[in-house]
Amino acid sequence: MSASVPAASDPQSAPRELTRADRLMRDVRVAPSILAADFGRLREQVGEVLAAGARVIHVDVMDGHFVPPITIGPLIVSALSEQVRDAGGMLDVHLMIEQPERQVAEFAKAGADSITFHIEATAHAARVAQLIRGHGVEVGMAINPATPVEALSEMAPTLGLALCMTINPGWGGQAMIPSSPGKIERLRALLDRGRAPGEGAALEVDGGIDPATAPICRAAGTSLFVAGSAIFGAPDPGAAYLAIARAVDAA
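In this note's numbering, the protein residues as written are 864 to 1114.
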């Protein structure tokens, strides 16, 4: 009779240690997206929303392949990192790029506090998550509007953040897809499956967020609201941030 072999520990089921970013994202928060900012006044505009109370700054990275536009890279993350951290905030980097595993190290080195990648953009989602976590950065995974929430079911227990796109990614200023609240509810239920209240990953939405749509998403289970045009497209970004934050009783 052969000796029994102890089962190897399953990294997918191991409990996550809470990172600084994870603790920030567990509150209801509005995350201004610098995609819509005036890059000639980027530090100034980021300073305005930080002064108004924002603590999560969202950085949309696009490669011209996964989505048609090309936006920004690690240099912008590095340029903002000290300013945001000095204010007690974090940089929430959203990679809308193919093969995100190739870029994780550069964004982590630049100062990203969380890195979110699209499950549609890689055949090796678990490996990408391990790479991100290995750099001491919080792991997020995103799904596009046509991707079912069940695509995240295997990875959900290990995530700090799940991002539900409420527009087709690539451009700001789009209206929210009307079916989004129902999808948000299903994703919230998946993230909470088998967990005590408050222990599931933060649920972030991105697309068409403003003072009218944010409360609808909040009622569906959202805790983190990405807003670009509604904030940086306004004459006073700080006041625009506060309008959305107050609409959802954000921290």
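All C-beta atoms in this analysis are idealised placements derived from N, C-alpha and C, irrespective of residue type, glycine included.
8 angstroms contact criterion, which residue 919 and residue 952 should meet: CB distance rounded: 6 angstroms
Own chain partners of residue 885 with C-beta closer than 6 angstroms, once the 5 adjacent residues on each side are dropped: 1001, 1023
Below 7 angstroms between beta carbons: does that hold for residue 890 and residue 1114? yes
How many Å lie between residue 902 and residue 1059 at the Cα? 42 angstroms
Rounded to a whole number of angstroms, what is the C-alpha to C-alpha distance between residue 1078 and residue 892? 12 angstroms
Do residue 931 and residue 1035 have their C-beta atoms closer together than 7 angstroms? no
For the region 1036 to 1044 and the region 1065 to 1079, state whether three or more C-beta atom pairs, one from each stretch, are separated by less than 8 angstroms. yes
Mind checking who residue 1090 pairs with in its DSSP beta bridge? 895
Identity of the residue in 1093, 1064, 994, 980 nearest residue 895 by Cα: Ranking 1093, 1064, 994, 980 by Cα distance to residue 895 puts 1093 first.
State the beta-bridge partners of residue 1027 as determined by DSSP. 1006, 1068
I'd like to confirm the pairing. Which residues does DSSP put opposite residue 934 in its beta bridges? DSSP, once it has assigned bridges, lists no residue as partnering residue 934.
Figure out for me which residue from 997, 1014, 998 has the closest Cα to the Cα of residue 1004. 1014
Relative to the C-alpha of residue 980, which candidate in 974, 972, 973, 965 has its C-alpha closest? For the residues 974, 972, 973, 965, the minimum Cα distance to residue 980 belongs to 965.
Please work out which residues of its chain come closer than 8 angstroms, Cβ to Cβ, to residue 913, disregarding the five sequence neighbours upstream and downstream, and give them in chain order. 920, 946, 947, 950, 952
Give the single residue among 997, 1104, 1062 whose Cα lies nearest to the Cα of residue 908. 1104
Tell me where the alpha helix (DSSP H) around residue 828 begins and ends. Nothing about residue 828 can be reported from this structure: the residues present for the chain run from 864 to 1114 only.
Classify residue 1098 as buried or exposed, calling it buried when 16 or more other Cβ atoms lie within 10 Å of its own Cβ. exposed
Report all residues from its chain with a CB closer than 8 angstroms to the CB of residue 933; omit the five preceding and five following residues, and keep chain order. Around residue 933: 925, 926, 927.
Give the single residue among 898, 970, 1083 whose Cα lies nearest to the Cα of residue 1053. 1083
Local Cβ density within 10 Å of residue 1065, reported as buried at 16 or more and exposed below that: buried
Would you please state the rounded distance, in angstroms, between the beta carbons of residue 1018 and residue 988? I believe it to be under 8 angstroms. In this structure residue 1018 touches residue 988 by the C-beta definition: roughly 6 angstroms separates them, less than 8 angstroms.
When the Cα atoms are used, what is the spatial distance from residue 969 to residue 898? 19 angstroms
Cβ pair residue 994, residue 967 closer than 7 angstroms: Between residue 994 and residue 967, the C-beta spacing is below 7 angstroms.
Short Cβ contact (7 angstroms threshold) for residue 1124 with residue 991: Any property of residue 1124 remains undetermined from this structure, which presents the chain solely from 864 to 1114.
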